[in-house]
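Q: Sharing a structure, written as structure tokens. Questions coming.
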Amino acid sequence: MIWLTWRQHRFQAFAGLALIGLTALVFLPYGLAIRDAYAQHGVGSCLVQGTGGDGCQSAMTTFMEQFNGVANHLLTWFTPIPGLIGAIVGASLLGREYEHGTWRLAWTQAVPRTRWLTAKLLLVGLGLAVITASLSGVFGWFRGPVDSVSGRFSPGAFDLEGLSLTGYTLFAFAAGVLAGLVFRRTVPAIVAAFAAFMAVRLPVEYWLRQRYETPVTRLLPPAGNWGRIGPMAVPTSPGTPGWILDQGLVDRAGHPVSAALQAQISQRTQSLNGPAADAYLRGLGLHLRVVYQPASRFWTFQIIEASLFVGLAAALLGATVWLLRRRRA
């Protein structure tokens, strides 16, 4: 079965290796440029020292203005990759057998159909895991300096770095295999699998992910630039902010300040210098309330999300094996 699976899927394996190489070539010059600027601006020294002085804040702001947009823009193009790879490979695993009529031969040989399918699922799934883990390593290397300042909870970083990328791909792969069995055609199965992937993926990102653990709430001393949370404003780990879910000014009793009053305060602080603005805000008895997920929870969230998608993939593959066992040859 190993040799047969390799013969049938070797072109997909070569395509995966080519994708890794092409991705590395695309990101290599940008990654080197980001690292050069990171060193020239002294951002690493600021993060090691853990200081939020004006010089460090200016250096980090300049660095992020120069490269944060570039990093996010490039990775945006790769966000659909796990869903597409998984759906295409998964849908073709059974869909192609039906379209070519080879399923009649494959499932009437000495090897039982469930063993045939299980072997292919394990081998192809392992190959996908290796390919996506390699891509995740490339993305993580590319964004490394930016992540050290802004954290890895932004969608572009969280979705393509760590374990979640492999989980997404395996889920799309499982959806593709099941769709291939149901539709018996490759293209409709790809469309159905990718639609199912997005139907699960988007609610997880925009609703469920932030609820994996109870967020932390902190009251911070107000500052003249209270409307902008700097890289070191949320004291998680030096230079690595948490995932900010909500922020706003509150009064002494902890009640949110109205939008109209915030607009007046913002207009007033803009006409004052830094120390005067800080004194003005302290005189009002205001604090900055920040609700966030600490940066230290990144890997915990990665494990939770990857486990969620791998579990869903296992359920879909189990359903596929069950249906195939009951389908007449």
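All letters in the sequence shown, in the order written, are residues 59 to 387 by this note's numbering.
Don't be surprised by glycine CBs; every beta carbon is placed ideally from N, CA and C.
It should be emphasised that the depicted structure is a prediction, and the values quoted were computed from it without experimental measurement.
1. So, for T172: in the same chain, excluding its five sequence neighbours on each side, which residues have a beta-carbon less than 7 Å away from its beta-carbon?
2. If I'm right that A232 touches A371 with Cβ under 8 Å, what's the distance once you round it to whole angstroms?
3. Starting from Q325, trace the alpha helix (DSSP H) in both directions and tell me its first and last residue.
4. To the nearest angstrom, how far is the alpha carbon of T120 from that of A257?
5. Can you give the Cα-Cα distance for G209 and G306, rounded to whole angstroms?
6. Between which residues of its own chain and T227 is the CB-CB distance below 7 Å, once the five residues before and five after are set aside?
7. What's the call for S222, buried or exposed, on a 16-neighbour Cβ count within 10 Å?
8. Identify whether W174 lies in helix, strand or coil by the three-state DSSP scheme.
9. Grab the span of the beta strand (DSSP E) containing W135 for me, first residue to last.
10. So, helix, strand or coil for T272, using DSSP?
11. What do you reckon, are the CB atoms on P261 and Y350 nearer than 8 Å?
12. When burial is assigned at 16 or more other CB atoms within 10 Å of the CB, is F241 buried or exposed?
13. Can you say whether A76 is buried or exposed, counting buried as having 16 or more other CB atoms within 10 angstroms of its CB?
14. In whole angstroms, what separates the C-alpha of D336 from that of A247?
15. Going by Cα to Cα distance, which pick from P203, D217, P279, L90 is closest to C104?
16. Please identify the residue among V106, L151, H99, F136 whose C-alpha is closest to the C-alpha of Q70.
17. Measuring alpha carbon to alpha carbon, tell me which residue in V84, V235, L175, M118 is nearest V196.
18. Only counting runs of 4 or more residues, tell me where the alpha helix (DSSP H) segments fall wholly within the stretch 76-135, in order along the chain.
19. Could you give the distance in angstroms between the alpha-carbon of C114 and the alpha-carbon of Q328?
20. May I ask you to report which of helix, strand or coil DSSP gives G300?
21. What is the C-beta distance between D309 and G343, in whole angstroms, given that I count them as a contact (C-beta under 8 Å)?
A: Result, derived from the coordinates:
1. Reading the sequence shown from its first residue, position 114 is the one you call residue 172. Sequence-distant partners of T172 (beyond 5 residues in either direction) whose C-beta falls short of 7 Å from its own C-beta, in its chain, are V379, L382, R383.
2. Looking up residue 232 in the sequence shown gives position 174. Looking up residue 371 in the sequence shown gives position 313. Yes, A232 and A371 are in contact; Cβ-Cβ is about 4 Å, under 8 Å.
3. The count along the sequence shown starts at 1 and reaches residue 325 at position 267. Unbroken alpha helix (DSSP H) run through Q325: 317-328.
4. Taking the first residue of the sequence shown as position 1, residue 120 is located at position 62. Taking the first residue of the sequence shown as position 1, residue 257 is located at position 199. Whole-angstrom Cα-Cα distance: 38 Å.
5. Translated into the one-based positions of the sequence shown, residue 209 becomes position 151. Translated into the one-based positions of the sequence shown, residue 306 becomes position 248. Spanning the two alpha carbons is a distance of roughly 21 Å.
6. Taking the sequence shown and counting its residues from 1, one reaches residue 227 at position 169. So the qualifying residues of the chain are P140, I143, G144, L186, T190.
7. Numbered from its first residue, the sequence shown carries residue 222 at position 164. The residue in question, S222, is buried, as its Cβ has 16 or more Cβ neighbours within 10 Å.
8. Start at 1 with the first residue of the sequence shown, and residue 174 comes out as number 116. Here W174 carries a helix assignment [DSSP, helix/strand/coil].
9. Position 77 of the sequence shown holds residue 135. Going by DSSP, W135 is part of no beta strand (DSSP E) at all; its letter is neither H nor E.
10. Start at 1 with the first residue of the sequence shown, and residue 272 comes out as number 214. Residue state, collapsed to three classes: coil.
11. Stepping through the sequence shown from its first residue, residue 261 is reached at position 203. Stepping through the sequence shown from its first residue, residue 350 is reached at position 292. No, Cβ-Cβ distance for P261 and Y350 is not below 8 Å.
12. Taking the sequence shown and counting its residues from 1, the one referred to as residue 241 is at position 183. Burial call: buried.
13. The sequence position of residue 76 within the sequence shown is 18, counting from 1. Counting of Cβ neighbours within 10 angstroms places A76 among the exposed residues, the total staying below 16.
14. Indexing the sequence shown from 1 puts residue 336 at position 278. Indexing the sequence shown from 1 puts residue 247 at position 189. Computed Cα separation, rounded: 59 Å.
15. Position 46 of the sequence shown, counting from 1, holds the residue named residue 104. Ranking P203, D217, P279, L90 by Cα distance to C104 puts P203 first.
16. Along the sequence shown, read from residue 1 onward, the residue named residue 70 stands at position 12. Minimum Cα distance to Q70 is reached at L151.
17. Numbered from 1 along the sequence shown, position 138 holds the residue referred to as residue 196. Cα-wise, what sits closest to V196 is V84.
18. The qualifying runs are 101-107, 112-134.
19. Looking up residue 114 in the sequence shown gives position 56. Looking up residue 328 in the sequence shown gives position 270. Take the alpha-carbon of C114 and the one of Q328: they are about 22 Å apart.
20. For the purposes of this step, residue 300 is taken as residue 242 along the sequence shown, with counting starting at 1. Coil at G300, not helix or strand.
21. Within the sequence shown, the letter at position 251 stands for residue 309. Within the sequence shown, the letter at position 285 stands for residue 343. With a Cβ gap of about 6 Å, D309 and G343 count as contacting.
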